[in-house]
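Novice: What follows is a single structure, and I will ask about it in a moment.
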Amino acid sequence: MKRLLTIAALCGPLLAQQAPAPPAPVAPAPAVTAPAPAAAPGESPVPTNDENWLTGYIDLGYRWETGVYGSLSTYRSIVDLGSGPKLLGTEFTIKNRSHRIFDQIDVRAYDWGDEPYESLHVGVRKAKLYDFSANYRNIAYYNNLPGYADPLFGTTGVILNEQSLDTRQKMSDFRLDLLPGRKIVPYLAFDRNSSTGTGVANFVSGGDEFPVVNLVSNSTNNYRGGVRIEMSRFHITLEQGGTTFEDNQQLNQTNGTTNYGNFFTPLFGQTLSATSIGEAYGVNGHSIYSKGLLTANVASWIDVYGQFLYSQPQSTVNFLESSTGNQVILSQVLFYMGEQSIISAQSKMPHTSGSLGAEIRPLRHLRVMPSWLTDRLHTAGSSIGQQNLTTATGPASIDTLLNSALATNYNQAEVNLMYDLTSKITLRGGYRYVWGDATDVILPLGGLAGLEQGKMRKNVILAGGSWRPFQKLSFNADLEHGSSGGVYFRTSLYNYDKGRVRARYQLSQSFSLMANASVLNNRDPMPGLNYDFLAHQESASIVYVPEGGKVWDFEGSYTRSTMRSNISYLDPEFLITEQSFYRDNSHTVTALFDFKSPGWLKYKTKLSLGGSALLSSGSNPTTFYQPTAKLAVTIAKNVSWISEWRYYGFDQSFYQFQSFRTQMVTTGVRISR
Amino acid sequence: MNRYFAATLLVLSPLSLAQAQKPAPAVKAPPAKASTTKATFVGSEVCGTCHEDIGKALAKSPHGAVDTSDKHGFKGQACESCHGPGSNHVESLSAADIRNPAKISPAEVDKTCLTCHRNQSTHVGRLESSHASNSISCIACHSVHGGTPGVGAPAGTTSTQAALRPLVVRKTADINTQCQGCHIDVKASFAQPFKHRVPEGAMSCVDCHNPHGSFKPGMMQMVSANEPGCYQCHGDKRGPFTFEHAPVREEGCQSCHEPHGSQNTKMLVRQDVRQVCLECHANLPTLPGQSPRVTGVVPPAFHDDLTAPRFRNCTMCHQKIHGSHIDRNLLR
C-alpha cells in the first residue's frame, strides 16, 4: 500500500506538466504510470486468462409434499407446489477467451420439473457487436376457489366454481441489440405469450346460466424493431412494431348430460334446462404501433423531453353457438327448445399518446419542471348477428345489428418546483391540472349500457421534500391534495389527500433502520353516494449484519395496514339506498435469520430461518403463515447438501371450507464451479 | 396524533443519541480543504493504483466500456467521467479534492449519470419518475463500480444483499429484494394469499413497473407503445372489444383489482364480486341530454336476488367483464 501511495504521490509533479484538460469530452490524458496495459478498443473487459471459462452452480433435488389438509383446490390456487424430482435452479456463465462469436454466455434457470413457475434466461453478448437475451417462463394458472363459487353448496346444486381455470401460460421474449455502446444502436425484439388449458365457464341464456367445460387457447405475438441514437446532446429512440393476436375459446356440453345449472324452480310455469351446449369464439386481431422518444440537453440550464406513442389494435370475431333444452328469452317470454346463433363483429382502437416536458434550472438551487401529457383512445366496434330459435309454435329468427364507441381523452398539465434549500434539504411544490372526457355508447340504445358520458376535472396541489441531516439519515415526504369538479366513477379519487413519508437511518456499519408511512383519504359527498375511504399503512424494517455477516445476520419487517370504506348504493330491485362497508386491519411480519458456521468447523454450514405471517381482521379475516427453514452444508470442495422445509397455513374465517395447511421438505445437492 | 408523535420521538431519540455517542475516530483528521488548483484528468490507470479493487470491478462491469470506447469522450478516463478530474486528489490524497457521488446531492448524481444515460430504452422518462422527484438517485439502485460482492455495497446491507450489487440487477429474485428494500409496504402486500407470483420469483417488480419513469401512473410499464403493461401477460384482456367495459380503459385494472395482493379471491378490492360492481353501478339512468355526475347505471330490477349465494357474483352471468366481442351486456 505504501508503494502505491508513493507511486501516486510521484504522479503529482508529472501531472503538473500536463496541459489543463478542456471540459468534457476531452482527449485522454497520457498515461503516467502503467501498472497494467490498457484494454484495447474492442476488447471485452470481462474475461481474463486466470478465470475459469465456466462458472456457476446447479441445484438438483427432490421435494416431498406431505399432503394437504383442507381444501386442495384452494392450495392449488394459491401455492400449487408438488412432489417429485426438481431442477431447483442453475446459474452459469461461459466466458470465451478467444472472443470469437461471443464473449460471454449467461444462463439462469429456476424451478423446473412440473413446477408452477418455470423460468429460463439466456444472455449472449460480444462487446460492441451485439447483446442478445432470451427469456422463457411457463406459469401454471390454476384457479378454482370454492369461496368464489356458491359457498352454500347445498342450496342450488351448483358445486363448481363457474369461473375456474387450469391453464399454462407460456411467455417468451427475445431481444437483439446491435452495436451496443455505439452512438447508433439498432435493435430487434420478439415477444410471445400464450395460454392454453381447460376451465369452467358459463353458458348464459335469457333466464339461467349453465356451467360448461371451457377450452382456452389464446396467444399474442409482438414484433418490434427500432434504433437508439445516443449523441452527446440528445438521445432519440424510434421504434416500429406490430402484434398478432388470436383467441379460440370453446364451450361444450355433450348432448344428453345433466347440467348443474338446470333451474328446477318453475319460471312462468316451466323449468329451464340445457341438454346440449356448444360455443366457439374465433377472435383474431392485429395492431401496428409506433414510438418516438426524445431527450435533449438543449443548454446547460435546460433539458427537454417528449414522447409520441401511437397504436391501433383491431380485432375481428366469428362466433357460433348452438344449444338445446328448454330456455327462455325473458323480455319476450318466449320459450324455445333449441337455438343457433351466428355473430360477426369487429372493432378497432386508435390510441394516441404524447408528452412534453422540461427541466429548467434558472438558478443553481432551483429546478422548474413543467410537463404536459395527453392520452386519447377511441374504440369503435360493430356486430351483426342472427339467432334462429326452435319454439313450440315453429321457427323464429332474431337479427341484431349493433354499433359501439368508447372514447376517452385524458390530459394532464403539471409544474413542479424543486429547491435545494441547503445541500441537505430539498423542497418540492407543484400543481397539476387533470381534465378529460369519456363517452360510451351502444346503438341502438338499450340494455345495461346505453349512452354514458362523463367529464373529469381535477386540481391537485403537490408538495414534498427530502432531508438528509447527515449521510446516513434521510427522510423524504410526498403530499398531494386533490379536489375534483368531475370524475368518471363513484369510487374514483374525488376530494382526496394522499401522503407518504419515508425515513432511512443507518445507525452503524452493521445496523440500519427504515420506516414508511402512507395515507390515502378520499371523500365524495354527493348525496346518494357519500363515499368515505381511508387507508393507511405503517411499515418498519431493520437489517442487522454484525461483523459483516460472518456469523449471522438478520432482516425483518413489520407492516400494519388498515382500510375503511363506506359508500352508498342502490338496491337494484327496489332502488332503496343501502350501504357497502369494507374493513381491513392487517398485520404482516417478515423475517430472515442467517446463521453461518464458525470458520474452524470442518463443514461450512448456513442455516436460514424466516418467512412471513399475515393476520387480518375486518370484512374478510384471513391468516396466512409461510415459515421456512433452509440448510446448506458444504460437503466437498464444490458440492453442498441443501435442504429446505416450508409450511403453508391458510385460513379465512368466513370461508372455512377453503382453509388448508401443508408442509413440504426439499433436499438435494448444489454442484458449483 | 400526540401518541404517534411521542412514539416517533421515542424511536428516534435513542438513535440520535447513539449517533451522538458514536466513538470518535482514533485520529481525527483536520477538515479537508479542497485544493484551489484547477484539476486535470489523470486517467483510470492512475486511479487504479490506489483503488485497485474498485478498478478491477469497474473493468468487469459494463462501465468498463467507457475506458475503451470514445463514444462519450472519456476513453481511458472512466473513473473521472463521474468523479471529475483527479489530478488534485492524486497530489493531495484528500477526499475533498475529488467528487464523490455518494456524498453529493441526488440531483447532482442524476445529472452526472444522465450525461450518458439520457434516453436509453430502459431510461425513458427518467425526468418524470417519482424516484427522481423524491431525490432517489441512480446510485440508490445501481452500484456504479458493480460486479464484485461487497464493493460499492452500502454498509448495513446483509451479505446476501451485498452479493447482489452488480451495476444492473438482472436476476428476478434480486430485483425484488432490491425494490423491497425501500418499498416495505409493498413487500407486505405480497405476503397476502392472492397475488402476482413475485415472492416465488416467477415475476419481478420491473415486469410491471419501470423504475425510471413512465407515462402511466405508478410508473407502470407499457407494451406495444402505449398500452398498459398488464397486457404483456394478460393478452386475452387486451381487446379491443366491440363492447368495452369502460373502467378498464378509463381507470385501468386497478379499478377492481389489487395487483400487489389481496385477501380476496382474484385479487379483488372487495370480498364479494357483487360489492365491487354495485359500488359503481348505483346511479339512476338519466334522460338523453343530461350528463350524470358519475357513470355506472343501476342494474334493472330483475336483478332481484343478489343476496342469494348463487348470484352474489355478478360475473356468474356477466362473465366477459373485461369486455365482450359479441354481447352488449358482457354475458358471453
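Read top to bottom, the protein sequences are chains A and Z.
Reminder that position 191 of the first sequence reads as 191 in my numbering, one-by-one numbering, no gaps.
Reminder that position 205 of the second sequence reads as 1205 in my numbering, one-by-one numbering, no gaps.
Ideal Cβ placement from N, Cα and C applies to all residues, glycine included.
Since we're looking at a predicted model, the values are computed, not measured.
(1) For chain A, check one thing: does any of its Cβ atoms lie closer than 9 Å to the Cβ of residue 1236 of chain Z?
(2) In three-state terms, what does DSSP make of residue 257 of chain A?
(3) With the cut-off set at 9 Å, would you say residue 1173 of chain Z and residue 590 of chain A are in Cβ contact?
(4) DSSP three-state label for residue 1282 of chain Z, please.
(5) Assuming the contact rule is C-beta atoms closer than 8 Å, residue 460 of chain A and residue 481 of chain A should be a hit. Round their C-beta distance to whole Å, please.
(6) Three-state secondary structure (DSSP) at residue 1103 of chain Z?
(7) Give the C-beta separation of residue 271 of chain A and residue 202 of chain A to the nearest angstrom, bearing in mind that I take them to be a contact with Cβ-Cβ under 8 Å.
(8) What are the residues of the stretch 1049-1075 of chain Z that lie near chain A, defined by any Cβ-Cβ distance shorter than 7 Å?
(9) Can you pull the chain A neighbours of residue 1247 of chain Z, defined as C-beta to C-beta under 7 Å?
(10) Taking residue 1247 of chain Z as part of the alpha helix (DSSP H), name the residues at either end of that continuous run.
(11) Between the Cα of residue 61 of chain A and the Cα atoms of A:144, A:654, A:662 and A:645, which residue gives the shortest distance?
(12) With distances taken between CB atoms, is the gap from residue 570 of chain A to residue 1284 of chain Z smaller than 9 Å?
(13) Who are residue 623 of chain A's beta bridge partners in DSSP?
(14) Does any C-beta atom of chain A lie closer than 9 Å to the C-beta of residue 1297 of chain Z?
(15) Kindly list, in the order they appear in chain Z, the residues whose Cβ is closer than 7 Å to that of residue 620 of chain A.
(16) Any beta carbon of chain Z sitting closer than 9 Å to that of residue 683 of chain A?
(17) Whose CA, out of A:435, A:407 and A:72, lies closest to the CA of residue 455 of chain A?
(18) Less than 8 Å between the CB atoms is what I'm expecting for residue 383 of chain A and residue 1326 of chain Z, so what's the real figure, rounded?
(19) With distances taken between CB atoms, is the gap from residue 519 of chain A to residue 503 of chain A smaller than 9 Å?
(20) Could you tell me which uninterrupted alpha helix (DSSP H) segments, each at least 4 residues in length, are contained entirely in the stretch 1156-1209 of chain Z, listed from first to last along the chain?
(21) Which chain Z residues sit within Cβ distance under 8 Å of residue 717 of chain A?
(22) Pick from A:178, A:84, A:65 and A:355: whose alpha carbon is nearest that of residue 305 of chain A?
(23) By alpha-carbon positions, which one of Z:1048, Z:1141, Z:1184 and Z:1105 ends up nearest to residue 1166 of chain Z?
(24) To the nearest angstrom, how far is the alpha carbon of residue 1043 of chain Z from that of residue 1131 of chain Z?
(25) Taking Cβ to Cβ, would you say residue 487 of chain A is nearer than 9 Å to residue 437 of chain A?
(26) Are the Cβ atoms of residue 280 of chain A and residue 255 of chain A separated by less than 9 Å?
(27) Which word fits residue 158 of chain A, buried or exposed, when buried means at least 16 other C-beta atoms lie within 10 angstroms of its C-beta?
(28) By Cβ distance, which residues of its chain are closer than 6 Å to residue 1312 of chain Z, with the 5 residues on each side in sequence left out?
(29) Can you tell which of A:178, A:227, A:555 and A:581 has its C-alpha closest to the C-alpha of residue 530 of chain A?
(30) Helix, strand or coil, according to DSSP, for residue 1053 of chain Z in the structure here?
(31) Roughly how many whole angstroms lie between the Cα atoms of residue 303 of chain A and residue 224 of chain A?
(32) Using a Cβ cut-off of 7 Å, pull out every chain Z residue sitting near residue 539 of chain A, in sequence order please.
(33) Nearest CA to the CA of residue 610 of chain A: which residue from A:138, A:127, A:595 and A:398?
(34) At 3 residues or longer, and completely inside the stretch 359-418 of chain A: list those beta strand (DSSP E) runs for me, N to C.
(35) If you draw a straight line from the alpha carbon of residue 1057 of chain Z to that of residue 1195 of chain Z, how long is it in whole angstroms?
Specialist: A quick look at the data gives this:
(1) In the second sequence, residue 1236 of chain Z corresponds to position 236, counting from 1. It does: the Cβ of residue 1236 of chain Z has a partner Cβ on chain A nearer than 9 Å.
(2) Within the first sequence, the letter at position 257 stands for residue 257 of chain A. Residue state, collapsed to three classes: coil.
(3) Stepping through the second sequence from its first residue, residue 1173 of chain Z is reached at position 173. Stepping through the first sequence from its first residue, residue 590 of chain A is reached at position 590. In this structure, residue 590 of chain A does not lie closer than 9 Å to residue 1173 of chain Z by Cβ.
(4) For this step, residue 1282 of chain Z is matched to residue 282 along the second sequence. Note: residue 1282 of chain Z maps to coil in three-state DSSP.
(5) In the first sequence, the residue the question calls residue 460 of chain A occupies position 460. In the first sequence, the residue the question calls residue 481 of chain A occupies position 481. Contact holds; Cβ gap of about 7 Å.
(6) Numbered from 1 along the second sequence, position 103 holds the residue referred to as residue 1103 of chain Z. Looking at residue 1103 of chain Z - three-state DSSP - the assignment turns out to be helix.
(7) Counting from one through the first sequence, the residue named residue 271 of chain A turns up at place 271. Counting from one through the first sequence, the residue named residue 202 of chain A turns up at place 202. Their Cβ separation, rounded to whole angstroms, is 18 Å, which puts residue 271 of chain A and residue 202 of chain A out of contact at 8 Å.
(8) 1049, 1050, 1059, 1060, 1064, 1065, 1067, 1068, 1069, 1071, 1072, 1073, 1074 and 1075
(9) Stepping through the second sequence from its first residue, residue 1247 of chain Z is reached at position 247. Residues of chain A whose Cβ lies closer than 7 Å to the Cβ of residue 1247 of chain Z are, in chain order, 489.
(10) Taking the first residue of the second sequence as position 1, residue 1247 of chain Z is located at position 247. If you look at residue 1247 of chain Z, you'll find it in the alpha helix (DSSP H) that goes 1246-1250.
(11) As a working note, residue 61 of chain A is residue 61 in the first sequence. That would be A:645, whose Cα lies nearest to the Cα of residue 61 of chain A.
(12) Position 570 of the first sequence, counting from 1, holds the residue named residue 570 of chain A. Position 284 of the second sequence, counting from 1, holds the residue named residue 1284 of chain Z. Contact: yes.
(13) Reading the first sequence from its first residue, position 623 is the one you call residue 623 of chain A. Looking at the DSSP output, residue 623 of chain A sits in a beta bridge with A:615 and A:651.
(14) Against the second sequence, residue 1297 of chain Z aligns to sequence position 297. True, the Cβ-Cβ gap to chain A drops below 9 Å.
(15) Taking the first residue of the first sequence as 1, we reach residue 620 of chain A at position 620. What residue 620 of chain A touches in chain Z: 1263, 1264 and 1271.
(16) The structure shown does not extend to residue 683 of chain A, since chain A is modelled only from 1 to 673, so the question has no answer here.
(17) The count along the first sequence starts at 1 and reaches residue 455 of chain A at position 455. Residue 455 of chain A has its Cα closest to that of A:435, out of A:435, A:407 and A:72.
(18) Along the first sequence, read from residue 1 onward, the residue named residue 383 of chain A stands at position 383. Along the second sequence, read from residue 1 onward, the residue named residue 1326 of chain Z stands at position 326. Indeed, because the Cβ distance is near 6 Å, the residues count as touching under 8 Å.
(19) Numbered from its first residue, the first sequence carries residue 519 of chain A at position 519. Numbered from its first residue, the first sequence carries residue 503 of chain A at position 503. Contact: no.
(20) If we require 4 residues or more, the alpha helix (DSSP H) runs fully inside the stretch 1156-1209 of chain Z come out as 1159-1163, 1172-1180, 1184-1189 and 1205-1208.
(21) As shown, chain A starts at 1 and ends at 673. That puts residue 717 of chain A outside it, with no answer to give.
(22) Working through the first sequence from its first residue, we reach residue 305 of chain A at position 305. Closest by alpha carbon: A:355.
(23) Counted from its first residue, the second sequence places residue 1166 of chain Z at position 166. Considering only alpha carbons, the answer is Z:1141.
(24) Taking the second sequence and counting its residues from 1, the one referred to as residue 1043 of chain Z is at position 43. Taking the second sequence and counting its residues from 1, the one referred to as residue 1131 of chain Z is at position 131. Looking at the two C-alpha atoms, the distance is approximately 32 Å.
(25) One-based indexing of the first sequence puts residue 487 of chain A at position 487. One-based indexing of the first sequence puts residue 437 of chain A at position 437. Their beta carbons are not under 9 Å apart, which means residue 487 of chain A does not touch residue 437 of chain A by this criterion.
(26) In the first sequence, residue 280 of chain A corresponds to position 280, counting from 1. In the first sequence, residue 255 of chain A corresponds to position 255, counting from 1. No, the Cβ-Cβ distance between residue 280 of chain A and residue 255 of chain A is not below 9 Å.
(27) Indexing the first sequence from 1 puts residue 158 of chain A at position 158. Confidence at residue 158 of chain A is low in this model, with a pLDDT of 46, below 50, so the placement of that residue should be treated as unreliable; the coordinate-derived value is given next. The residue in question, residue 158 of chain A, is buried, as its Cβ has 16 or more Cβ neighbours within 10 Å.
(28) Position 312 of the second sequence holds residue 1312 of chain Z. Within the same chain, residue 1312 of chain Z has close Cβ partners 1272 and 1274.
(29) Here residue 530 of chain A refers to the residue found at position 530 of the first sequence. Closest option to residue 530 of chain A, Cα to Cα, is A:581.
(30) By one-based count along the second sequence, residue 1053 of chain Z stands at place 53. Helix, per DSSP.
(31) The count along the first sequence starts at 1 and reaches residue 303 of chain A at position 303. The count along the first sequence starts at 1 and reaches residue 224 of chain A at position 224. Whole-angstrom Cα-Cα distance: 28 Å.
(32) Here residue 539 of chain A refers to the residue found at position 539 when the first sequence is read from its first residue. Near residue 539 of chain A (Cβ distances below 7 Å), the residues of chain Z are 1184, 1185 and 1188.
(33) Numbered from 1 along the first sequence, position 610 holds the residue referred to as residue 610 of chain A. Measuring from the Cα of residue 610 of chain A, the nearest candidate turns out to be A:595.
(34) 366-391
(35) Looking up residue 1057 of chain Z in the second sequence gives position 57. Looking up residue 1195 of chain Z in the second sequence gives position 195. Cα to Cα, residue 1057 of chain Z sits roughly 38 Å from residue 1195 of chain Z.
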